[in-house]
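There are 2 protein chains.
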Amino acid sequence: MSGYTYAEVERILVAGDLRGRLTRHDLPTPALLLDLDAFEANVAAMARHCRAHGLALRPHGKTHKCPEIANALIRAGAVGACAAKVSEAEVFAAHGVTGILVTTPVVGRDKIERAVELARQHGDTLFLADHPANVRALDVAAAAAGVVLNVVIDLHVGRKGGVLPGEPALELARLVASLQHLNPAGLQAYAGFASHTVGYDQRRIASAEALGPAVETKRLLDRDGIACPLLTGGSTGTYDIDTAIGSVTELQPGSFIFMDLDYRGIGGRDGGAFRDFRAALTVLTTVVSKPTSALAIIDAGTKAFSTDRPLVPEAIGVKGVTYAWGGDEHGKLDVRRASAAVELGDRLEFVVPHCDPTVNLYDRIYCLRGDVVEAAWPIAARGKSQ
Amino acid sequence: MSGYTYAEVERILVAGDLRGRLTRHDLPTPALLLDLDAFEANVAAMARHCRAHGLALRPHGKTHKCPEIANALIRAGAVGACAAKVSEAEVFAAHGVTGILVTTPVVGRDKIERAVELARQHGDTLFLADHPANVRALDVAAAAAGVVLNVVIDLHVGRKGGVLPGEPALELARLVASLQHLNPAGLQAYAGFASHTVGYDQRRIASAEALGPAVETKRLLDRDGIACPLLTGGSTGTYDIDTAIGSVTELQPGSFIFMDLDYRGIGGRDGGAFRDFRAALTVLTTVVSKPTSALAIIDAGTKAFSTDRPLVPEAIGVKGVTYAWGGDEHGKLDVRRASAAVELGDRLEFVVPHCDPTVNLYDRIYCLRGDVVEAAWPIAARGKSQ
Numbered sequence: 001m002s003g004y005t006y007a008e009v010e011r012i013l014v015a016g017d018l019r020g021r022l023t024r025h026d027l028p029t030p031a032l033l034l035d036l037d038a039f040e041a042n043v044a045a046m047a048r049h050c051r052a053h054g055l056a057l058r059p060h061g062k063t064h065k066c067p068e069i070a071n072a073l074i075r076a077g078a079v080g081a082c083a084a085k086v087s088e089a090e091v092f093a094a095h096g097v098t099g100i101l102v103t104t105p106v107v108g109r110d111k112i113e114r115a116v117e118l119a120r121q122h123g124d125t126l127f128l129a130d131h132p133a134n135v136r137a138l139d140v141a142a143a144a145a146g147v148v149l150n151v152v153i154d155l156h157v158g159r160k161g162g163v164l165p166g167e168p169a170l171e172l173a174r175l176v177a178s179l180q181h182l183n184p185a186g187l188q189a190y191a192g193f194a195s196h197t198v199g200y201d202q203r204r205i206a207s208a209e210a211l212g213p214a215v216e217t218k219r220l221l222d223r224d225g226i227a228c229p230l231l232t233g234g235s236t237g238t239y240d241i242d243t244a245i246g247s248v249t250e251l252q253p254g255s256f257i258f259m260d261l262d263y264r265g266i267g268g269r270d271g272g273a274f275r276d277f278r279a280a281l282t283v284l285t286t287v288v289s290k291p292t293s294a295l296a297i298i299d300a301g302t303k304a305f306s307t308d309r310p311l312v313p314e315a316i317g318v319k320g321v322t323y324a325w326g327g328d329e330h331g332k333l334d335v336r337r338a339s340a341a342v343e344l345g346d347r348l349e350f351v352v353p354h355c356d357p358t359v360n361l362y363d364r365i366y367c368l369r370g371d372v373v374e375a376a377w378p379i380a381a382r383g384k385s386q
Numbered sequence: 387m388s389g390y391t392y393a394e395v396e397r398i399l400v401a402g403d404l405r406g407r408l409t410r411h412d413l414p415t416p417a418l419l420l421d422l423d424a425f426e427a428n429v430a431a432m433a434r435h436c437r438a439h440g441l442a443l444r445p446h447g448k449t450h451k452c453p454e455i456a457n458a459l460i461r462a463g464a465v466g467a468c469a470a471k472v473s474e475a476e477v478f479a480a481h482g483v484t485g486i487l488v489t490t491p492v493v494g495r496d497k498i499e500r501a502v503e504l505a506r507q508h509g510d511t512l513f514l515a516d517h518p519a520n521v522r523a524l525d526v527a528a529a530a531a532g533v534v535l536n537v538v539i540d541l542h543v544g545r546k547g548g549v550l551p552g553e554p555a556l557e558l559a560r561l562v563a564s565l566q567h568l569n570p571a572g573l574q575a576y577a578g579f580a581s582h583t584v585g586y587d588q589r590r591i592a593s594a595e596a597l598g599p600a601v602e603t604k605r606l607l608d609r610d611g612i613a614c615p616l617l618t619g620g621s622t623g624t625y626d627i628d629t630a631i632g633s634v635t636e637l638q639p640g641s642f643i644f645m646d647l648d649y650r651g652i653g654g655r656d657g658g659a660f661r662d663f664r665a666a667l668t669v670l671t672t673v674v675s676k677p678t679s680a681l682a683i684i685d686a687g688t689k690a691f692s693t694d695r696p697l698v699p700e701a702i703g704v705k706g707v708t709y710a711w712g713g714d715e716h717g718k719l720d721v722r723r724a725s726a727a728v729e730l731g732d733r734l735e736f737v738v739p740h741c742d743p744t745v746n747l748y749d750r751i752y753c754l755r756g757d758v759v760e761a762a763w764p765i766a767a768r769g770k771s772q
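For the protein sequence lines, the chains are G and P, in the order given. Be aware that the first sequence starts at 1, since it is given in my numbering, and climbs by one per residue. Be aware that the second sequence starts at 387, since it is given in my numbering, and climbs by one per residue.
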């Protein structure tokens, strides 16, 4: 520990004047940590992969909700950032992120008003749509504001939203092309379920089946003379699969920057774990109670780790420690087989089950080079689900 | 809808100048809603219950993380508020909440520094401890700052933290009593598992078994001449059970103010659902895609509802709608048996599976009287898990 008081640590972090003065031991737990070496390696690997295959990279910002990370990805070659919702896009745009694609349809008068304002300030923003009534509403609002909205048509290939591929999509594209204040920008075909299909070959089959109708729809548009410069989709789980699908023009993966236990479990190309990207995200915790020799209680529960996957946080640095949920505020560690003593006040680090919703629980991500804190980035779009 | 633009709605909300000008239809979704009539009825019922049984009420603030709610409870008769962590307590204290009990041991130099500062500013704050080394560290820090810390000894009755009841607890109490800058304030015996035990009789048995050793420990302290003005514990699930345990002096329930599907399922005294308190908390959502007649996609997924219980959000207002998780950002509704048409742009309201971690996902709770928005309270301690 550096010897700084908590108040001094906070002052240094808020001022951003770190200069190697803080280490992980100074951070208040539970703390969200980013291993910069692993993060940078992941970013470089994905950028290289997309360049090699002639694909644009528009990484999904819902994973990190952090403008510094979105801008770091753009510096590494990304064409922009995806944002899940309008409010997330607003935060990114306010921090200088360009080329934003909003991947939820903009539905409702208030959301359309915000989208139009985004388009007025940042003409390169792209908006998703999948319904004729919504498309008409977008055009009316854009006309009233004197802007043109770039509209990407979302295809129903992923068991969630989207217009049905084929004729329904073609009709919607014709409508977009016919409206004066909309610019037909292309198609989205995102199949989240394929990304999480376990086994490389099974994933390849799932993704090909999901994207087949999208490729066919793109052909329909081409034949109809409707411009379709974009076919965006793909994810961390299919990043090296969707490259084989010729019509795909860009990938929008998210988790590769951080990785998590869920993605590690989908299986790699070689049949082992999926380790194409390094684990860069962890949560640092403190043992706050040691009621028995077998049981240690840490200060990180379901408000510190997301619970949307049937997985528990995994300790690193010490072996033989098993985490169990201990409610909203605490975790229960079975330390009977721990490779080192686990005592009151000890700090333990955990890989997270699922990165996106875990990051969404924190206001700040601490960026480490080894033990040294290089930066503390605000998760400025945290909670921006609107 | 009022006809206000989104920008105008935000200005009215931030200025706090509502005067009945906004209704639920003006709110950006997903939005966390509080039914004020139900909330006030819940608060009144619990306050009445505690008064009738001569118990102090110190409701747990981890449920709401909202200073306005903590202060409303104090106005209704609560002696203070529990806070799960030091950082949560800091937010409450900064907003005028008095009588705070921090229900996680204060472990680590930085946390002790913050606790001492809290005690300096608010002498009535209570801190939990369960370990002799930690107790000594608290005393040293309190001495250095010239303050006295009120220490509540946490008993291991709930399958989580705490010192073992009986002799180990007595020894720790003796240590606290012997140290000059610590004030022995009593015992905590919190058995969270008992609260969620399904079935009233089973819950009664679980709570009695858990609290028995606490009552016995209190007797040991009394016999030893150590003051024990406080035996705090209890929860929403056992609020009318722990009253029968004579030595308990105060209840610290949380969820009763909001209620949720999880608590409804624990079973009431009459063998039916647990309906002693009204459902006051919901999430308002919007249908953002309608890919098929059977499927509607809403803008609320695992970043809008917590997933720590094996339950899904339950629609109100329309029957026959089944929610399924659709990832971080979306929910998938099976609307084949819906009692009314569910179309693009429709707004649907859901009761949440588990209130505490759901509230922790939002920055603001909208307080409604019928359809009128009476207030928008900041969830100022959201994310304060440190």
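Where a beta carbon is used, it is the ideal one built from N, C-alpha and C, also for glycine.
So which residues on chain G does residue i lean against when the C-beta distance must stay under 9 Å?
i               : result
E454 of chain P : What E454 of chain P touches in chain G: nothing, since even the nearest Cβ is about 18 Å away.
V493 of chain P : T286, V287, V288, S289, D299, L344, G345
Quick one: does residue i have its CB under 7 Å from some CB of chain G?
i               : result
R407 of chain P : no
D775 of chain P : What the structure shows of chain P is the stretch from 387 to 772, and residue 775 of chain P is not part of that stretch, so it cannot be assessed.
D587 of chain P : no
Q574 of chain P : no
P551 of chain P : no
K604 of chain P : no
T668 of chain P : no
T618 of chain P : no
Listing by chain order, which chain P residues have their CB less than 8 Å from the CB of residue i?
i               : result
N42 of chain G  : In chain order: nothing, as chain P lies at least about 20 Å away.
G162 of chain G : S675, P677
For residue i, return the contacting residues in chain G, with the cut-off set at a CB-CB distance below 8 Å.
i               : result
D694 of chain P : T302, T307, W325, D328
S470 of chain P : Rather than Ser, the amino acid found at residue 470 of chain P in this sequence is Ala. Near A470 of chain P (Cβ distances below 8 Å), the residues of chain G are D328, E329.
G578 of chain P : G327
K705 of chain P : What K705 of chain P touches in chain G: nothing, since even the nearest Cβ is about 23 Å away.
Give me the chain G residues within the contact set of residue i, using Cβ-Cβ distance strictly less than 7 Å, ordered along the chain.
i               : result
Y392 of chain P : D110, E113, R114
H481 of chain P : None at all; the shortest Cβ gap to chain G is about 18 Å.
T415 of chain P : Q386
G366 of chain P : Absent from the structure is residue 366 of chain P, since the part of chain P shown begins at 387 and ends at 772.
Could you tell me whether any Cβ in chain P is nearer than 7 Å to the Cβ of residue i?
i               : result
D222 of chain G : no
G237 of chain G : no
T104 of chain G : yes
Between residue i and residue j, how many whole angstroms is the CB-CB distance? I'm expecting something under 8 Å.
i               : j               : result
G161 of chain G : P677 of chain P : 6 Å
L558 of chain P : V521 of chain P : 7 Å
D242 of chain G : G254 of chain G : D242 of chain G to G254 of chain G, Cβ: 14 Å. No contact.
Just to make sure I have the definition right: I need the residues of chain P whose C-beta is within less than 7 Å of the C-beta of residue i. Which are they?
i               : result
H156 of chain G : P677
A133 of chain G : L730
Report the neighbours of residue i on chain C: residues whose CB is nearer than 8 Å to its CB, in chain order.
i               : result
D130 of chain G : Structure shown: chain C not included; protein chains present are G and P.
Taking only beta carbons into account, state which residues of the segment 671-684 of chain P come closer than 8 Å to chain G, listed in chain order. Only those residues of the segment 671-684 of chain P whose C-beta falls short of 8 Å from the nearest C-beta of chain G are listed: T672, V673, V674, S675, K676, P677, T678, I683.
Taking beta-carbon pairs under 7 Å, can you tell me which members of the segment 729-761 of chain P lie near chain G? Answer in chain order: L730, G731, D742, P743, N746, L747, Y748, D749.
Ranges of the beta strand (DSSP E) found wholly within the segment 575-618 of chain P, counting only runs of at least 3: The qualifying runs do not exist here; there are none.
Kindly provide the ranges of any alpha helix (DSSP H) runs that are 4 or more residues long and lie completely inside the segment 102-149 of chain G, ordered along the chain. Here the runs fully enclosed are 109-121, 132-145.
For the segment 435-465 of chain P, which residues have a CB atom closer than 8 Å to at least one CB atom of chain G, in sequence order? Taking 8 Å as the Cβ-Cβ cut-off against chain G, the residues of the segment 435-465 of chain P that qualify are K448.
Which residue spans inside the segment 726-763 of chain P form an unbroken beta strand (DSSP E) run of at least 3? Counting only runs of 3 or more, we get 733-737, 750-755.
Starting from the N-terminal side, write out each stretch of the alpha helix (DSSP H) that is 4 residues or longer and does not extend beyond the segment 634-716 of chain P. Within the segment 634-716 of chain P, the complete alpha helix (DSSP H) runs of at least 4 residues are 647-650.
Within the segment 37-99 of chain G, note down every full alpha helix (DSSP H) run reaching 4 residues or more, in order along the chain. Counting only runs of 4 or more, we get 67-75, 86-94.
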